[in-house]
Amino acid sequence: MSMSFDPFTQLDRLAQSLFDTSRQPRIMPVDLFREGEQYVLSADLPGIDPGSVDVDVDGHVLTIRAERTAATREGARWLTQERPFGSYMRQFTIGDDVDVEGISASYDNGVLSVVIPIAERARPRKITVESASKSNKAVTA
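Just so we're aligned, residue 134 is where the sequence shown starts under our numbering, counting upward by one.
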C-alpha cells in the first residue's frame with residue numbers, strides 16, 4: 134500500500150497534537166428548511182452511536198450533541214488515522230413560533246433528522262371580512 138505525502142494533512146496533525154483540538158466540540162454540517170407547517174433540520178453524523186446523540190430544548194435554544202469514540206484495535210499498528218473523533222455540538226435559537234412539545238428526532242444512516250413543528254398560533258390563517266351593512270342590521274334589528 135503506497136501512501137502519498139500531504140504537507141497540509143501533516144501540519145494539521147501536528148497542530149492537533151500540539152493544541153489538543155480533539156477536546157473541542159466539532160461542528161456538524163446541517164441543512165435547515167421549512168416544509169409546510171414545520172421546519173426540518175438534517176445533521177450529518179456518520180459513524181456516531183445513536184445512543185450518544187442528545188437533542189434538547191432549553192428556553193429558546195435547541196442543542197444537538199453527539200460523541201464519536203476513537204477506533205481502537207488491539208495490537209494494530211496504525212498507518213493513518215484521519216477520521217475525527219470526539220464531541221460534536223450545534224446550537225440553534227428557536228423563536229416563539231415553534232411547538233416545542235411537538236419536536237421529534239430520528240437517526241438513520243448517519244443523518245439526524247429533527248422535525249420542529251410550527252405552533253398553531255403562528256400559522257397563517259384566513260380572516261373572514263364581514264360587510265359593515267350586515268353587522269349594522271344585526272345590531273339594529
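C-beta atoms are modelled at their ideal positions from N, C-alpha and C, and glycine is treated no differently.
(request) Pick helix, strand or coil for A274, following the three-state DSSP scheme. (result) The pLDDT assigned to A274 is 48, lower than 50, so where the model puts this residue is not dependable; a value taken from the coordinates is nonetheless given after this. Three-state DSSP puts A274 in coil, outside helix and strand.
(request) Count the other C-beta atoms from every protein chain shown that fall within 10 angstroms of the C-beta of I160, then say buried if there are 16 or more, exposed otherwise. (result) That one is exposed.
(request) Can you tell me which of the three DSSP states V188 falls into? (result) V188 falls in the strand class under three-state DSSP.
(message) Is the separation between the beta-carbon of D232 and that of A252 shorter than 8 angstroms?
(response) Result yes, Cβ atoms of D232 and A252 sit closer than 8 angstroms.
(message) Can you list, in chain order, the residues of its chain with a C-beta nearer than 6 angstroms to that of S237? Leave out the 5 residues immediately preceding and following it.
(response) V248
(message) I'd like the span of the beta strand (DSSP E) that includes D229, first residue to last.
(response) Premise fails: D229 is in no beta strand (DSSP E) and is neither H nor E.
(request) Please name the residue or residues paired with S266 in a DSSP beta bridge. (result) Beta-bridge partners assigned by DSSP to S266: none are found.
(request) Just the C-alpha distance for D187 and A199, rounded to the nearest angstrom, thanks. (result) 6 angstroms
(request) Let me know the secondary structure DSSP gives G235 once reduced to three states. (result) helix
(request) Would you identify the three-state DSSP class for E200, choosing helix, strand or coil? (result) Assigned with DSSP and collapsed to three states, E200 falls in strand.
(message) Does E168 come out as helix, strand or coil in the three-state DSSP assignment?
(response) strand
(request) Would you mind sorting L165 into buried or exposed? The rule is 16 or more other CB atoms within 10 Å of its CB. (result) exposed
(message) Give me, in chain order, the residues of the same chain whose beta-carbon lies closer than 8 angstroms to that of I227; leave out the 5 immediate sequence neighbours on both sides.
(response) These residues qualify, in order along the chain: V190, H193, V194, L195, V233, I249.
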